[in-house]
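These protein sequence lines are chains D and U, in that order. Reminder that position 115 of the first sequence reads as 115 in the working numbering, one-by-one numbering, no gaps. Reminder that position 172 of the second sequence reads as 329 in the working numbering, one-by-one numbering, no gaps. For glycine and all other residues, C-beta sits at the position ideal for the given N, C-alpha and C.
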Amino acid sequence: MSSVRIHTPPVKLAKLLRTPGGLPVAEAVQRAGAGLAGLKNDCLGELTTMLDQAEACALRAGADYDAALTGELYDIVAKPIGVPSVCGLAAIDTALISLSDLLDYLKGQQRWDANAVAVHLRACRLLLQTEGAADAAGTQAILAGLRKVSQRYARPE
Amino acid sequence: MGLSPESRARFNLERASVLVLDESPMGMSILVQILTGFGVKTLHRCEKVEEAKETIAKVEVDLIVCDSMGAGGEGYDFVSWLRTSKIEPNCYAPVLLTSGHTPSHAVQKARDCGAHFIMAKPLTPIAVLERIIWIAREGRRFVECDTYVGPDRRFKNDGVPAGMTGRRRDDLQGDIGEAQSPNMDQEVIDSLMKTRRVEL
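Pasting the structure below:
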């Protein structure tokens, strides 16, 4: 049987957090939010570039599964998850997560579904162009549809 | 835990030294804006794992915020390296791991790398602050064995999994009856159990 050492190391961060001074939670959250708002234009630019790259990558796909291409597309779309929400486009985050799930499932099963990938990319483009101006019910319907598409490939537990 | 964004409670991160590891410039910018908004003044920004390792070897850090970094999960490998590096006190530093998407083959790595908490993106300032305060709590045990080095993953005190025999001396044995009333909140239980100084 292997040896196990269990101990409780001191946590300096706990003491620092309690140091007098600092900020009230409300002010800190407001300051962080203001900082994030200043990134909006950069985030939109990054999303547009990502979509261009993803569409170009998907266009190179043939009819059969290509491990390298699937991996490349996964890296392109999974990396910016979290960025759209900074621009108030949380729906694109949900679409990117659904597409990342889909690509992960396809990779696991060594299959390719060009239509399923294309519908995700078109939805992202639409959501980006409308900048969330579309009605909430319409956006939710799009996201529910994407979820259905990606979950078709989810293996049962 | 439920930290209110309107709370007037104060916290201080001005003197904390924080290492941020994220290969994506935009991901890095988001974390930097959140942390500087919280008052952090000493930030070590690393875009590559090697830079982060060099920083860990050179300076003392109080908190690490690290991205999982792509399908390969280099961020998980970094945390595993940190825990086994024996570079004290950094090897015990609280680690908040962020992840946009965890591919199925990396789930085990994510669970076992030794991070204090894994946060799914998108991140919001209040959620990040809540987690920083949570992982900074004192008294969380650290486990070091052949297969795992990191904070005790049994932090919920849910007891031994159903159908299994406990492996620890302090695991309770025997059957437990049906609950007679709703469970107490873990925070309430912790506050009841914690030894406090009495002032007369």
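Interface residues of chain U facing residue i [CB-CB closer than 7 Å]
i, result
"isoleucine 97 of chain D", "His258"
"methionine 100 of chain D", "The sequence given here places serine at residue 100 of chain D; methionine does not occur at that position. Simply His258."
"serine 85 of chain D", "Pro279"
"threonine 19 of chain D", "Asn169 and Arg172"
"alanine 90 of chain D", "Pro279"
"aspartate 66 of chain D", "Here the premise fails: no neighbours, minimum Cβ distance about 15 Å."
Three-way DSSP call (helix, strand, coil) for residue i in this model
i, result
"threonine 193 of chain U", "helix"
"arginine 5 of chain D", "strand"
"threonine 304 of chain U", "coil"
"threonine 199 of chain U", "strand"
"valine 222 of chain U", "strand"
"valine 175 of chain U", "strand"
"arginine 167 of chain U", "strand"
"glutamate 157 of chain D", "The pLDDT assigned to glutamate 157 of chain D is 46, lower than 50, so where the model puts this residue is not dependable, and the model offers no usable value."
Cross-chain neighbours of residue i in chain D, by beta carbon under 7 Å
i, result
"aspartate 219 of chain U", "Lys12, Leu13 and Leu16"
"glycine 296 of chain U", "Thr8"
"serine 261 of chain U", "Asp104 and Gly108"
"alanine 293 of chain U", "Val11, Leu13, Ala14 and Leu17"
Nearest residue (CA-CA) to residue i, options the options
i, options, result
"lysine 205 of chain U", "U:Ser338, U:Cys248, U:Ser181 and U:Asp328", "U:Ser181"
"alanine 90 of chain D", "U:Lys278, U:Ala336 and U:Ala173", "U:Lys278"
"cysteine 203 of chain U", "U:Phe195, U:Val216, U:Leu176 and U:Ala214", "U:Leu176"
"proline 84 of chain D", "D:Val4, D:His7 and D:Cys43", "D:Cys43"
"leucine 47 of chain D", "D:Val77, D:Pro20 and D:Gln140", "D:Val77"
"arginine 167 of chain U", "U:Cys270, U:Met226, U:Leu280 and U:Glu287", "U:Glu287"
"leucine 69 of chain D", "D:Lys107, D:Lys79, D:Asp101 and D:Gly88", "D:Lys107"
"threonine 19 of chain D", "U:Leu170, U:Val197, U:Asp179 and U:Pro282", "U:Leu170"
"cysteine 57 of chain D", "D:Ala118, D:Ile6, D:Ala123 and D:Tyr153", "D:Ala118"
"aspartate 238 of chain U", "U:Glu208, U:Ile221, U:Ser261 and U:Cys270", "According to the sequence shown, residue 238 of chain U is tryptophan rather than aspartate. Comparing Cα positions, the closest option is U:Cys270."
"leucine 128 of chain D", "D:Gln110, D:Gln109, D:Asp93 and D:Tyr105", "D:Asp93"
"isoleucine 191 of chain U", "U:Val285, U:His273 and U:Arg297", "U:Val285"
"aspartate 309 of chain U", "U:Lys215, U:Val222, U:Tyr249 and U:Met183", "U:Tyr249"
"isoleucine 142 of chain D", "D:Leu121, D:Tyr153 and D:Ala154", "D:Leu121"
"methionine 50 of chain D", "U:Cys223, U:Met226, U:Asp219 and U:Met183", "U:Met183"
"methionine 185 of chain U", "U:Val236, U:Asp224 and U:Thr259", "U:Asp224"
"serine 160 of chain D", "D:Arg5, D:Pro24, D:Lys148 and D:Val11", "Given a span of 1 to 157 for chain D in the structure shown, any question on residue 160 of chain D remains unanswerable."
"lysine 198 of chain U", "D:Leu16, D:Arg125, D:Arg60 and D:Ala26", "D:Leu16"
"leucine 280 of chain U", "U:Pro162, U:Leu160, U:Arg172 and U:Ile187", "U:Ile187"
"threonine 304 of chain U", "U:His262, U:Val252, U:Lys266 and U:Gly227", "U:Lys266"
"arginine 324 of chain U", "U:Gly229, U:Gly334 and U:Arg311", "U:Arg311"
Counterpart residues of residue i in DSSP-defined beta bridges
i, result
"alanine 277 of chain U", "U:Ser256"
"phenylalanine 235 of chain U", "Bridge partners of phenylalanine 235 of chain U: none, in fact."
Per-residue contacts from residue i into chain D (C-beta, under 8 Å)
i, result
"cysteine 302 of chain U", "Ser2, Ser3, Val4 and Arg5"
"methionine 183 of chain U", "Leu39, Asp42, Cys43, Glu46, Pro80 and Val83"
"proline 162 of chain U", "Val25, Ala26 and Val29"
"glutamine 190 of chain U", "Ala32, Gly35, Leu36, Gly38 and Leu39"
"arginine 165 of chain U", "Pro24, Val25 and Ala26"
"serine 242 of chain U", "Near serine 242 of chain U there are no residues of chain D at all, since even the closest Cβ is about 14 Å away, more than 8 Å."
Neighbouring residues, chain U, relative to residue i (Cβ below 8 Å)
i, result
"aspartate 75 of chain D", "Gly227 and Ala228"
"isoleucine 81 of chain D", "Gly257, His258, Lys278 and Pro279"
"aspartate 52 of chain D", "By Cβ distance, chain U contributes nothing, its closest Cβ being about 15 Å from aspartate 52 of chain D, past 8 Å."
Proximal residues of chain D, C-beta to C-beta of residue i below 9 Å
i, result
"proline 282 of chain U", "Ala28, Val29, Gln30, Arg31, Ala32, Gly33, Gly35 and Leu36"
"tyrosine 249 of chain U", "Pro9, Pro10 and Val11"
"serine 237 of chain U", "Ordered by position in chain D, no residue passes the 9 Å Cβ test against serine 237 of chain U, which lies about 17 Å from the chain."
"threonine 193 of chain U", "Arg31, Ala32 and Gly35"
"phenylalanine 299 of chain U", "Arg5, Ile6, His7, Thr8 and Pro9"
Neighbouring residues, chain U, relative to residue i (Cβ below 9 Å)
i, result
"leucine 69 of chain D", "Correct list: empty, because the minimum Cβ distance to chain U is about 13 Å."
"aspartate 93 of chain D", "Gly257, Lys278 and Pro279"
* Asked: Could you give the uninterrupted runs of the alpha helix (DSSP H) lying entirely in the segment 72-145 of chain D, keeping only those of 4 residues or more?
  -> Taking only runs of at least 4 residues, the alpha helix (DSSP H) segments lying wholly in the segment 72-145 of chain D are 83-86, 90-109 and 114-130.
* **3 or more residues per run - each beta strand (DSSP E) lying fully within the segment 9-51 of chain D** => Correct list: empty.
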